[in-house]
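Visitor: Handing you this structure, nothing more for now.
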Amino acid sequence: MNSNKIEKVAFETAPGPTVTPKSAIIAGGGIGGLAAGIALEQAGWQVSVFEQAAEFKAIGAGLTIWPNAVKALYTLGLREDLEKMGVSEFAGGFFTEKGELLAKISYAGILERYGAPILAVHRADLLDALLNKLGKDRLRLGAKLLDFSQDEKGVTANFSNGETAQADVLIGADGIHSKVRKKLFGHKPLNYSGYTAWRGVAPTPKKPFEAGETWGKGRRFGLVPLNGEAVYWFATDNRPEGEPHDPAHRQEELLTLFDGWRFPVKELIATTPAANILRNDIFDLPPLDKWTVGRVTLLGDAAHAMTPNLGQGACQAIEDAVVLAGCLDQSAEVPLALEHYEELRRGRTTRITRQARQVGAVGQWRNPALVWLRKQLARLLLPRLQDRQLAPILNYEADRVAKTGVILNGPR
Ligand SMILES: Cc1cc2nc3c(=O)[nH]c(=O)nc-3n(C[C@H](O)[C@H](O)[C@H](O)COP(=O)(O)OP(=O)(O)OC[C@H]3O[C@@H](n4cnc5c(N)ncnc54)[C@H](O)[C@@H]3O)c2cc1C
Numbered sequence: 000m001n002s003n004k005i006e007k008v009a010f011e012t013a014p015g016p017t018v019t020p021k022s023a024i025i026a027g028g029g030i031g032g033l034a035a036g037i038a039l040e041q042a043g044w045q046v047s048v049f050e051q052a053a054e055f056k057a058i059g060a061g062l063t064i065w066p067n068a069v070k071a072l073y074t075l076g077l078r079e080d081l082e083k084m085g086v087s088e089f090a091g092g093f094f095t096e097k098g099e100l101l102a103k104i105s106y107a108g109i110l111e112r113y114g115a116p117i118l119a120v121h122r123a124d125l126l127d128a129l130l131n132k133l134g135k136d137r138l139r140l141g142a143k144l145l146d147f148s149q150d151e152k153g154v155t156a157n158f159s160n161g162e163t164a165q166a167d168v169l170i171g172a173d174g175i176h177s178k179v180r181k182k183l184f185g186h187k188p189l190n191y192s193g194y195t196a197w198r199g200v201a202p203t204p205k206k207p208f209e210a211g212e213t214w215g216k217g218r219r220f221g222l223v224p225l226n227g228e229a230v231y232w233f234a235t236d237n238r239p240e241g242e243p244h245d246p247a248h249r250q251e252e253l254l255t256l257f258d259g260w261r262f263p264v265k266e267l268i269a270t271t272p273a274a275n276i277l278r279n280d281i282f283d284l285p286p287l288d289k290w291t292v293g294r295v296t297l298l299g300d301a302a303h304a305m306t307p308n309l310g311q312g313a314c315q316a317i318e319d320a321v322v323l324a325g326c327l328d329q330s331a332e333v334p335l336a337l338e339h340y341e342e343l344r345r346g347r348t349t350r351i352t353r354q355a356r357q358v359g360a361v362g363q364w365r366n367p368a369l370v371w372l373r374k375q376l377a378r379l380l381l382p383r384l385q386d387r388q389l390a391p392i393l394n395y396e397a398d399r400v401a402k403t404g405v406i407l408n409g410p411r
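Under numbering that gives the first Met the number 0, the first residue of the sequence shown carries the number 0, and numbering increases by one thereafter.
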């Protein structure tokens, strides 16, 4: 055990005019933490990412990565990886549970309009690509952040593996239950959305099918092709928070819940390995008034956990990473750079969190009159509404914000 070891993340001061690289501790090796690590390394910082999990086991199902985040990932040098891993330009629709088409979804033209495609990827593939780009030697596993302190010179953090690290900045990318957030701002209760979500990846059905979302009463099912071989699906149902459940019966329960739904809903549930079906109660974090204290800030779900209804949680974490590194790169003063980062990012993520919650609330309507109303609205307005809602989200260019320091799509 290296219990009393103090690890200086920064290089020792070199003689002569050489500039000493600044150093960063990142708590959390999820999508946000790894993306921030890459962005900071590119800006010439020394980075160490501390992850509580003992092994880098990329769990999860699929993810949609929208053009705003695809562009940010290009900035991080992941264009080639993304081209290999993702399916883009998929089409589909919004359907009733019996299969009636309410509105078509087409992402054709998205590349021309927003400068990048929309991609559906396996979370494991994205995490692998991020870690390879960062470099495995930058990641400490089995290292849960326990505590930290700061003064005008730097930050010191202690980890469950006995390590103590010092650096110029600490970034809390430690997810929705962030320890860093709690220490900075105290306990902030999460908002329960009123529904639970299940996710899985199934083999592609042999018969032709249409991707998209299917809406029932208080229940939804979405499916997106990941590649020729696999389909990512998610399901939701209105449930009380923290309902006791038996993982051994997850698949059976879903087959009952979605009995009679359009093809290939039941087929996808039935062909997913039962042990790989994930279940989460869905929460978001009420917007924080601040993300930063001195040399410590928050990023990704730790700062702005949102419901998954717009597929933007990870996308926003990736944008955060690029903007944060830009701010730190351009200012000699770490606390000022962090304040600037927060100013650039807080309005946008607050607005997207609110929109995602609203979309989820409508999607989960179960009252028959409201369900009828939703169908009419979907038929008449959905493509136009979707377009209006998505444009300001998708046209964001994190790289440009990082370089110019101009707030794009800030609070209205
Ligand atoms: C059902 C569902 C579907 C979703 N679909 C999409 C989608 O299609 N597109 C999209 O963009 N987003 C989607 N999201 C959201 C996305 O998953 C999250 O927003 C994203 O994973 C946040 O990344 P993060 O790195 O901030 O946090 P996390 O992924 O939670 O990573 C945090 C990491 O920190 C580690 N950690 C925690 N505490 C400590 C500690 N004390 N010390 C060290 N390490 C610690 C954790 O082990 C974890 O590895 C979805 C979410 C759900 C629930």
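Yeah, the Cβ is synthetic: ideal placement off N, Cα and C, and Gly gets one too.
1. When every heavy atom of ligand 1 is checked, does at least one fall within less than 7 angstroms of the C-beta of A196?
2. Specify whether the stretch 246-263 and the stretch 83-100 touch according to this definition: at least 3 beta carbon pairs, one from each stretch, less than 8 angstroms apart.
3. Ignoring anything shorter than 4 residues or poking outside the stretch 259-345, list the alpha helix (DSSP H) runs there in chain order.
4. Less than 7 angstroms between the CB of F257 and some heavy atom of ligand 1, yes or no?
5. Is K143 near ligand 1, with its Cβ less than 7 angstroms from a heavy atom?
6. Pull up the CB-CB distance for A324 and A42, whole angstroms please, since I reckon it's below 8 angstroms.
7. Which first and last residues belong to the alpha helix (DSSP H) in which V405 is found?
8. CB L130 to CB L33, shorter than 8 angstroms?
9. For Q149, name the three-state secondary structure that DSSP assigns.
10. What does a CB cutoff of less than 6 angstroms around T12 pick up in its chain, not counting 5 residues either side in sequence?
11. Please report how far the alpha carbon of R238 lies from the alpha carbon of G193, in whole angstroms.
12. Which residue marks the beginning of the beta strand (DSSP E) containing D236, and which one marks its end?
13. V120: which of H244, Y340, I64, E228 sits nearest, CA to CA?
14. Are there three or more Cβ pairs, one per stretch, closer than 8 angstroms when the stretch 38-55 is compared with the stretch 281-298?
15. Is D300 near ligand 1, in the sense that its beta carbon is under 7 angstroms from a heavy atom of that ligand?
16. Touching or not, the stretch 42-54 and the stretch 305-321, by the rule of three or more beta carbon pairs under 8 angstroms?
17. Need the endpoints of the alpha helix (DSSP H) that P391 sits in, please.
18. May I ask whether a heavy atom of ligand 1 can be found less than 7 angstroms away from the beta carbon of E54?
19. Are there any heavy atoms of ligand 1 lying less than 7 angstroms away from the beta-carbon of Q311, as far as the coordinates show?
20. Judging by CA-CA distance, which residue of R387, Q315, I170 is the nearest neighbour of I25?
21. Short of 7 angstroms in beta carbon distance, which residues of its chain neighbour N226, apart from the five on each side in sequence? Order them along the chain.
22. If you count every other CB in all the chains shown that lies within 10 Å of the CB of F77, and 16 or more means buried, which is it?
23. Counting Cβ pairs, one atom from each stretch, are 3 or more of them under 8 angstroms apart for the stretch 357-373 and the stretch 330-349?
24. Would you kindly work out how many angstroms separate the C-alpha atoms of L267 and A166, rounded to a whole number?
25. On the criterion of 16 or more Cβ atoms from any shown chain inside 10 Å, does G134 qualify as buried, or is it exposed?
26. If we ignore side chains and look at the alpha-carbon of each, how far apart do D245 and R278 end up?
Guide: In short, the structure shows the following:
1. At least one heavy atom of ligand 1 lies closer than 7 angstroms to the C-beta of A196.
2. The stretch 246-263 makes contact with the stretch 83-100: 3 or more CB pairs, one atom from each, lie closer than 8 angstroms.
3. Listed in chain order, the complete alpha helix (DSSP H) runs (minimum 4 residues) inside the stretch 259-345 are 264-270, 300-303, 312-329.
4. No, ligand 1 has no heavy atom inside 7 angstroms of this Cβ.
5. With a threshold of 7 angstroms, the Cβ atom of K143 counts as near ligand 1, since some heavy atom of the ligand is closer than that.
6. Sure, about 5 angstroms apart at Cβ, within 8 angstroms.
7. Run containing V405: none; DSSP gives neither H nor E here.
8. L33 sits close to L130, with the two beta carbons spaced by under 8 angstroms.
9. Strand, per DSSP.
10. Bear in mind that the predicted position of T12 carries a pLDDT of just 43, short of 50, making it too unreliable to give a figure here.
11. The alpha-carbon atoms of R238 and G193 are separated by roughly 6 angstroms.
12. The continuous beta strand (DSSP E) containing D236 extends over residues 229-237.
13. In this structure, I64 is the residue among H244, Y340, I64, E228 with its C-alpha nearest to the C-alpha of V120.
14. Note that the stretch 38-55 does not touch the stretch 281-298; fewer than 3 beta-carbon pairs, one per stretch, sit closer than 8 angstroms.
15. Distance from the C-beta of D300 to the nearest heavy atom of ligand 1 is below 7 angstroms.
16. In the pairwise beta carbon analysis, the stretch 42-54 is classified as not touching the stretch 305-321: fewer than three pairs are separated by under 8 angstroms.
17. Its alpha helix (DSSP H) spans residues 367-393.
18. Every heavy atom of ligand 1 is 7 angstroms or more from the Cβ of E54, so no.
19. Yes, the Cβ of Q311 comes within 7 angstroms of a heavy atom of ligand 1.
20. When only C-alpha atoms are compared, the closest one is I170.
21. If we look at N226 and ignore the five residues flanking it on each side, its Cβ neighbours are V86.
22. Correcting the residue identity first, residue 77 is Leu in this sequence and not Phe. Per the 10 Å Cβ criterion, buried.
23. Because the criterion of three Cβ pairs below 8 angstroms is not met, the stretch 357-373 and the stretch 330-349 do not touch.
24. One Cα belongs to L267, the other to A166, and the distance between them is close to 47 angstroms.
25. Label assigned to G134: exposed.
26. When the Cα atoms are used, D245 and R278 turn out to be separated by approximately 11 angstroms.
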